[in-house]
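Heads up, the thing below is written out as structure tokens.
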Amino acid sequence: MNASKLRRALLAAALSLPGFCLAQAGYPDRVVSLVVPYPAGGPSDLSARSALPVLQRELKQTVIVENVGGAGGTIGVNKVLAAPADGYLIIVGTPSESVLAPLALTAARYKPDSLRMVAQLSYTRMVLVSRPSLGIKTFESLVAEMRDPAKKELSYGSFGIGSVAHFMFEDLKAQTGARLTHIPYKGTGPMIQDLIGGQIDLGFVPLIGNVLDMIRSGRLSPLMVTDKTRSPKLPDVPAASELKDLKGFDYAIWGGLLVAKSTPEPVVARLSAAVNAVLRDPEYRKITEESGATPSPAQTLQEATALYRTEAEKYRRIATTIKLEPQ
-3 MNASKLRRAL
7 LAAALSLPGF
17 CLAQAGYPDR
27 VVSLVVPYPA
37 GGPSDLSARS
47 ALPVLQRELK
57 QTVIVENVGG
67 AGGTIGVNKV
77 LAAPADGYLI
87 IVGTPSESVL
97 APLALTAARY
107 KPDSLRMVAQ
117 LSYTRMVLVS
127 RPSLGIKTFE
137 SLVAEMRDPA
147 KKELSYGSFG
157 IGSVAHFMFE
167 DLKAQTGARL
177 THIPYKGTGP
187 MIQDLIGGQI
197 DLGFVPLIGN
207 VLDMIRSGRL
217 SPLMVTDKTR
227 SPKLPDVPAA
237 SELKDLKGFD
247 YAIWGGLLVA
257 KSTPEPVVAR
267 LSAAVNAVLR
277 DPEYRKITEE
287 SGATPSPAQT
297 LQEATALYRT
307 EAEKYRRIAT
317 TIKLEPQ
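Residue numbers for the sequence shown follow the working numbering, beginning at -3 and rising by one.
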């Protein structure tokens, strides 16, 4: 093959690559949809709509929010994964539907590694609380109570089988040797009401919104925050990293932008740059902080990929330990 024919062959091969074609076409050249897999008004919806102005400016294209709720967020994810992996449908997701749903729900026709994270947008730490009438003031006292076979087995609530809180308690049980009974609820609100009412003993709840008011008014007793350092919102409550009975107990409910794993690299890189502009935007950060969440710092694609992989591996390990079967 002469040099001229070789150049034409190489050019034809390059043109056949999806990433090359999309990059040459000038992604995005039409409307981009942020798919929120929950009804309007929730944290993911707020995060998506707060990011819109900067995303539209950076992508130089119309960006809309599309709420596709149902089946624990899996309907929205399934919709994105059924479409071409071209970056025009983007999930504004959380660990619940991206990582946990495939482990717990048959409605999820995908695996955690069907997706890749473009960037984390924000995160919210969790706080372990008890009903005040339980009379336990420290995590160490709680561990002693949970281990004592002479004591009545304590109950914990979660916002559903396979939820973040369910996995957290199972990790806590495995590390401390606790005896606990799981009471699943359909949401955080009903679970908190039963905690306050004394129907259940323990719960992990997001450190956000009126949870702080409930703690400060004495309706919930805080025992531990799931972080490496103490929260400025609850400076007297120990972080998980301070407790000798727990190792690597680092949990948060994060929000982030995710796409199908096969999305071409030039598209993902363009989206990553746009999201990092969002994360540096003062107005976005202000809105996120006012909601009670913590805005994420700007991050590289490698950092986002590593975060998502770590989260998926952590929850997969717990699912294997407790022999969780999709329902």
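We put the beta carbon where it would ideally sit given N, CA and C, even for glycine.
contact_flag[the segment 265 to 281, the segment 42 to 56] where n(CB pairs < 8 Å) is 3 or more: yes
Just verifying my parser: in three-state terms, what is the DSSP assignment at T102? Coil at T102, not helix or strand.
Where G153 falls: helix, strand or coil (DSSP): G153: strand per DSSP, three-state reduction.
Other residues of its chain near P218: CB distance less than 8 Å, five sequence neighbours each side excluded: V123, L124, V125, I211, L230, V233
Along the chain, which unbroken stretches of the alpha helix (DSSP H) at least 4 residues long are found entirely within the segment 105 to 156? 135 to 143
Cβ of T101 within 8 Å of Cβ of G158? Here residue 101 turns out to be Leu, not Thr, going by the sequence shown. Yes, they are a contact pair.
Specify, as a first and last residue, the run of the alpha helix (DSSP H) that I283 falls within. 278 to 286
Tell me N272's beta-bridge partners as DSSP assigns them. Its beta-bridge partners do not exist; DSSP assigns none.
Just list the residues that DSSP pairs I196 with in beta bridges. BP columns for I196 are empty, so no partner.
Taking C-beta to C-beta, are R112 and K310 nearer than 8 Å? Contact: no.
On the criterion of 16 or more Cβ atoms from any shown chain inside 10 Å, does D109 qualify as buried, or is it exposed? Result: exposed.
Taking DSSP's pairing of strands, which residues face M220 in a bridge? L124
Determine the burial state of D209: buried for a count of at least 16 other Cβ atoms within 10 Å of its Cβ, exposed for fewer. exposed
Which residues in the same chain have their Cβ closer than 8 Å to the Cβ of V27, if we skip the five residues on either side of it in sequence? Q57, T58, V59, I60, Y84
DSSP on Q20, reduced to helix/strand/coil? Annotation note: pLDDT 37 at Q20 (below 50); position unreliable, no value reported.
According to DSSP, simplified to helix, strand and coil, what is T58? coil
Just mark E261 as buried or exposed, buried being the case when its beta carbon has 16 or more other beta carbons within 10 Å. Counting Cβ neighbours within 10 Å, E261 comes out exposed, since fewer than 16 surround it.
Using 8 Å as the cut-off, can you tell me whether the segment 127 to 145 makes contact with the segment 284 to 292, which would need three or more C-beta pairs spanning the two stretches below that distance? The segment 127 to 145 vs the segment 284 to 292: no contact.
Would you kindly check if the distance between the Cβ of T120 and the Cβ of A235 is under 8 Å? Not closer than 8 Å, so no.
Tell me the rounded alpha-carbon separation between L254 and E62. So the alpha carbons of these two residues sit roughly 14 Å apart.
Best match in Y304, Y106, I86, R45 for proximity to T70 [C-alpha to C-alpha]: Closest by alpha carbon: Y106.
Enumerate in chain order the residues of its own chain whose CB-to-CB distance from R281 is below 7 Å, with the five nearest sequence positions on each side excluded. P291
Quick check: what's the CA-CA separation for V50 versus L198? Here the alpha carbons of L198 and V50 stand approximately 41 Å from one another.
For M187 versus F163, is the C-beta spacing smaller than 8 Å? no
Count the other C-beta atoms from every protein chain shown that fall within 10 angstroms of the C-beta of Q295, then say buried if there are 16 or more, exposed otherwise. buried
Let me check understanding here. Comparing Cα to Cα, which of T259, L320, K169, E166 lies closest to I87? Taking only the C-alpha atoms, the option nearest I87 is T259.
Given a cut-off of 8 Å on the beta-carbon distance, is the pair D246 and K224 in contact? yes
Drop a sphere of 10 angstroms on the beta-carbon of A79, count the other beta-carbons inside from all chains shown, and report buried for 16 or more, exposed for fewer. Label assigned to A79: exposed.
Is it the case that the Cβ atoms of S151 and I196 are separated by a distance below 8 Å? In contact: S151 and I196 (Cβ atoms closer than 8 Å).
Tell me the DSSP bridge mates of G72? None, per the DSSP bridge assignment.
Measuring straight from C-alpha to C-alpha, what distance separates K319 and S237? 27 Å
What are the residues that DSSP puts in a beta bridge with I87? V31, L254
Could you give the C-beta distance for G89 and G252, rounded to a whole number, given that I count them as a contact under 8 Å? 6 Å
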